[in-house]
Structures are given as C-alpha cells and as structure tokens.
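Data first, discussion second: the structure below is written as structure tokens.
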Amino acid sequence: MSSTTNNVQYHEPAYKRIGDRVYEVGPQTGNIQYHKPSYKIEGDRIYEVSPSTGNVQYHKPSYVIK
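In this text, residue positions in the sequence shown follow our numbering: the first is 368, and each later residue adds one.
Have a look at this one:
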C-alpha cells in the first residue's frame, strides 16, 4: 500500500485570488500568468476567462464551490 502525503507542491503552479478573479502564478518566478486562462467567481460557480478577450467562457464547463 502506498502512503499519501499532504506536502505542498512548490514546483507546481499556484493560484492567486484578486477580487472575483483567480490567476495562475508561476512556481519559479511567482509572477501572475496573465497569458493563461484565469477564472471568475460568480456566486457558487467558477468560470474560465479567456486571456485574449477577457470574456467569461460560459459555454465551457464550470466548477461549483461547496
């Protein structure tokens, strides 16, 4: 049986919330990755936002916050 750990994966991207948006943060630089999709929080849903247009992608799957 393998054991599970709850170690923080510092080599993986992190996410930063600014207002109603969530942005990916580069693991090496700590810089916000504005060229990658961000996410918008609306009520209990999270929607993807296009990095090129800034439009919420309502036609793509969303996530539910519980």
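Where is the CB? At the ideal position from N, CA and C, for every residue including glycine.
In three-state DSSP terms, what is I432?
-> coil
Would you tell me roughly how many angstroms separate the C-alpha atoms of H402 and T371, rounded to the nearest one?
-> 33 Å
Which residue or residues does DSSP assign as beta-bridge partners of Y414?
-> K407
Whether I413 touches V389 by CB criterion (9 Å) | yes
Keeping to the same chain, check which residues put their C-beta closer than 7 Å to that of S429; ignore five residues upstream and five downstream.
-> R412, I413 and Y414
Three-way DSSP call (helix, strand, coil) for K383 in this model = strand
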